[in-house]
Amino acid sequence: MKIYILLAFILLSITGIAQVGIGTATPASSAALDVTSTSKGILIPRMTQAQKNAIVSPATGLLIYQTDVTSGFYYYNGVSWVTFGGSAGWALTGNSGTSAATDKLGTTDMQDFSFATNNTEVIRIASSGNVGIGTTSPTTKLHIDGVITAATTLLNDGFEDNSIPPFTTGGNANWSTTNTGGEFNTGSFGVKSGTIGNNEVSWIQTSVTMPALGGTVSFYYKTSTESCCDELHFYIDGLDQTGAGLTNSTWVNQTYPLTSGVHTLNWAYEKDGGATSGADEVYLDDVLVTSNSMSNTVLQIIDGTEGVNKVLTSDATGIASWKNPTGKIEGDWLFVSGTANTDAIYHQGNVMIGQNAVSAYNLHLWDGSATSGSSFKMGSVEILTDGVAEIQSSTDFSPITDLGANLGSSAKRWKDVYSVGGMLNTSDKRLKTSIKPLKYGLKEFLKLEPVSFIWKEEKVDSFVIPDNEKEYKLGFIAQEVKKIIPEVIVTHHWKEYEENPGVLVKEENKRLGMRYSDLIPVAIKAIQEQQVKIDALAKQNERLQELIRKLEKTMILKVIND
1 MKIYILLAFI
11 LLSITGIAQV
21 GIGTATPASS
31 AALDVTSTSK
41 GILIPRMTQA
51 QKNAIVSPAT
61 GLLIYQTDVT
71 SGFYYYNGVS
81 WVTFGGSAGW
91 ALTGNSGTSA
101 ATDKLGTTDM
111 QDFSFATNNT
121 EVIRIASSGN
131 VGIGTTSPTT
141 KLHIDGVITA
151 ATTLLNDGFE
161 DNSIPPFTTG
171 GNANWSTTNT
181 GGEFNTGSFG
191 VKSGTIGNNE
201 VSWIQTSVTM
211 PALGGTVSFY
221 YKTSTESCCD
231 ELHFYIDGLD
241 QTGAGLTNST
251 WVNQTYPLTS
261 GVHTLNWAYE
271 KDGGATSGAD
281 EVYLDDVLVT
291 SNSMSNTVLQ
301 IIDGTEGVNK
311 VLTSDATGIA
321 SWKNPTGKIE
331 GDWLFVSGTA
341 NTDAIYHQGN
351 VMIGQNAVSA
361 YNLHLWDGSA
371 TSGSSFKMGS
381 VEILTDGVAE
391 IQSSTDFSPI
401 TDLGANLGSS
411 AKRWKDVYSV
421 GGMLNTSDKR
431 LKTSIKPLKY
441 GLKEFLKLEP
451 VSFIWKEEKV
461 DSFVIPDNEK
471 EYKLGFIAQE
481 VKKIIPEVIV
491 THHWKEYEEN
501 PGVLVKEENK
511 RLGMRYSDLI
521 PVAIKAIQEQ
531 QVKIDALAKQ
541 NERLQELIRK
551 LEKTMILKVI
561 ND
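Going by our numbering, the sequence shown opens with residue 1, and the numbers climb by one from there.
See below:
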C-alpha cells in the first residue's frame, strides 16, 4: 500500500510542475523532459527503412534512427521523412572545395529528381537519365512539352501533364485526359471526347498566333466509332478542313497549313441520329503547331571561330566547329558544300542547281547540257524528269488542299488522259445538300444531237498535226446542249490573283466545256422512263393477244356449230 501511495505522489508532482527531470532535480522550465548525464546518452528507437515506412500516420516531429540503406536520424516533417544532414549540405549561394566524383546533387536510389519554382515542378531528370521540361515523364534525352516561343515550335502538347490547358473544351460533353492503353499515341497520356448522344457534339479547342510567314498544325488521332456516320471534324476558324470527317481506327497523323494571324483550332466529335459502334469516342494526342520562319535565336554555338557566312562542320567524333569556305563568300550563296564551295546553290532571285552561274529562270537544274534533260529526285521514291517527252512521278500526285485546284483550264487544256481504273468522282451523300429528283429524262435525251467532227487545231506538244492526218471525234456541240441541259456545260471558273490574295473572282471561260459524265444520270433517267413505256406496251400487248385468242376460240366454235 505504501508503494502505491508513493507512486501516486510522484505522478501528481509530475503533472503539477509540467517538467520531468532525469539526472537533475531542476529541469529546465522550457523543457517537458530534461535528461542530464555526463556519461550516457539517449537511445532513440532504431529500425529499418521498411519498418520506418510502415509506421501508420506518423506524428509531425516523430524521430527515429534508420539502420539500413541510407542510415541516420530521420524525422517526420508532416509530409515525408527527412534525414538530419551529416554535413553542411549545399548552400543557397553555392559550395567551394567540391569534387564532381564524390559531391553530387541528386538521388542515391532509382528515383526521379525534379526542380520546382513557385512550388510547381518545371524540370525533371528521370532515373533513366532523360530530361523533361514541362513533362513529368520524359521519353527522350531532352523532352520539351509546351509552347516554345523562341523557336519555330509554337505549341507542342502531348498532354503528359495530365491536364487540358491551354485547350478549352465544351459542347454537350467535355473532353478529358486519359492514360488507358490504346487511348494515347506517345508517352502516357492523351485526350478523348466526352460521352454524347445522337445528334450531339463534344469539342476541344485552342488559339494560336502565327508569324508573318504562317506555318502548320499537325496532330495524331484515332476513332472508335460508327465509321460511316460518327466522325472527328477539324475546324480552323470555323471552317471544316476534313470534308466527310476523320474515321481512322488506328493512330494517324494529320497536317494542315496555317496563315499568319490568330487562329482558333477546334476538334469536334459529331454524332448523327443513327446507331452506335465501338467505344463511341475519338482520341487526340501530340498536337504540334510550327511556324515557317524563326524570328528568335534558339541555338547559339560559340567556339571562338564563329563568324558571318561560316559553315558548321563536324569531325569523326561529332565535335562541331565553324569553317570559312573559300571561293564564293558572299550573300548570294545560300548553300555551300565542304570548305571549297564546289557544289553551291546560287540564288539571286532565280536559283541555279548544278552550275555556279546566274540563271534566267526561277529554278534551273543543270546536268552538263542545256538539252540533255535533268532529274529532280526526293528521297528514294519520287522522281520528276524534264526531258523532251514527259514529267513522271512514281507516287500519288494530288493538290495541296482538298477542292483547291483544277487540272488544266479552259485556256490550258490537256489533250489526252490515259488511265486504267477510270475517273473516280466523289459521290458521298454526307457531302451533298438540296438533293432533288432529276428533272431531265427521255424528252431531253431525245433532243440531243450527237455529231462527229474534226478539231480545227490539234497539237502534240508544240507541233501542229496536219489536216490530212487528223481523225474524226465523236461528241456534242456545247452551245446546243446548253439550250437543253445547261448544267452539264461549264461557262465560268473561279480564280484568285496574287495581288488580291484570299479573294475569288468569277471569270468567263474562253471556251465552253462539257461534263460528259454528267449525262449518265440523264441517260439512266431516260432509260427508266422508256422502260415504263415498254412495260406498258408489253401489258397492252398481252391484253391484245388474249383478245385475239378469245376471238379465235369464238370463231372456231361458230364454225363447228354451223
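Note that beta-carbon positions come from the ideal geometry of N, C-alpha and C, so glycine has one too. All values reported here derive from a predicted model rather than from experimental measurement.
Item, Value
"CB of L258 within 8 Å of CB of G214, strictly", "yes"
"Distance CB(I196)-CB(N162) smaller than 8 Å", "no"
"Unbroken alpha helix (DSSP H) run spanning T259, endpoints", "It is not in any alpha helix (DSSP H) - T259 carries neither H nor E in the DSSP assignment."
"Environment of Q111 [buried if 16+ CB atoms lie within 10 Å]", "exposed"
"Cβ distance (whole Å) where Q66 is taken to contact T48 below 8 Å", "7 Å"
"The region 475 to 492 touching the region 503 to 519, judged by at least three CB pairs closer than 8 Å", "yes"
"Counted within 10 angstroms of its Cβ, other Cβ atoms place N185 as buried (16 or more) or exposed", "buried"
"Nearest candidate by alpha-carbon position, reference F115, set K459, S218, G134", "G134"
"Nearest neighbour of Y440, chosen from I454, I484, H492 [CA to CA]", "I484"
"Own chain partners of E487 with C-beta closer than 8 Å, once the 5 adjacent residues on each side are dropped", "D518"
"Q564 and T153 closer than 8 Å at C-beta", "For the chain, the structure presents residues 1 to 562; residue 564 sits outside this window and is missing."
"M352, DSSP secondary structure in three states", "strand"
"8 Å Cβ cutoff met for I42 and I64", "no"
"is_contact[S188, chain B] using C-beta, thresh 8 Å", "Protein chains in the displayed structure number just one, and chain B is not present."
"Element boundaries [beta strand (DSSP E), containing K222]", "215 to 224"
"Reduced DSSP category for E471 - H, G, I as helix; E, B as strand; rest coil", "coil"
"Short Cβ contact (8 Å threshold) for L232 with W267", "yes"
"Bridge partners - V35, DSSP secondary structure assignment", "I22"
"Three-state secondary structure (DSSP) of A116", "strand"
"Nearest-angstrom Cα separation, counted from T225 out to G373", "The predicted model places G373 with a pLDDT of 47, which falls under 50 and marks its position as unreliable; any figure quoted below should be read in that light. Going from the Cα of G373 to the Cα of T225 covers about 51 Å."
"Buried or exposed (CB count within 10 angstroms, at least 16 for buried), Y497", "exposed"
"Contact check, Y74 vs T83, beta carbons under 8 Å", "yes"
"Three-state secondary structure assigned by DSSP to N199", "coil"
"First and last residue of the uninterrupted alpha helix (DSSP H) at K553", "519 to 561"
"Three-state secondary structure assigned by DSSP to K192", "strand"
"Residue of N406, T255, G278, E529 minimising C-alpha distance to S227", "G278"
"Local Cβ density within 10 Å of N561, reported as buried at 16 or more and exposed below that", "exposed"
"Three-state class that DSSP yields for R515 in the structure shown", "coil"
"Cβ-based burial, V460 [other Cβ within 10 Å; buried from 16]", "exposed"
"DSSP-derived helix/strand/coil call for A212", "coil"
"Outcome for L33 when other beta-carbon atoms lying within 10 angstroms are tallied against a minimum of 16", "exposed"
"Pick from V282, V262, G261 that is closest to K271, judged by C-alpha positions", "V282"
"Under 8 Å between C-beta atoms of F113 and T120", "no"
"Beta-carbon contacts of S71 that lie in its chain and below 8 Å, excluding the five residues immediately before and after", "Y65"
"Pairwise C-alpha distance: H263 and T209", "6 Å"
"8 Å Cβ shell around M378 - same chain, five flanking residues per side excluded", "Because M378 sits at a pLDDT of 45, beneath the cut-off of 50, its placement in the model cannot be relied upon, and the following sentence gives the value as read from the coordinates. Closer than 8 Å at Cβ, skipping near neighbours: no residue."
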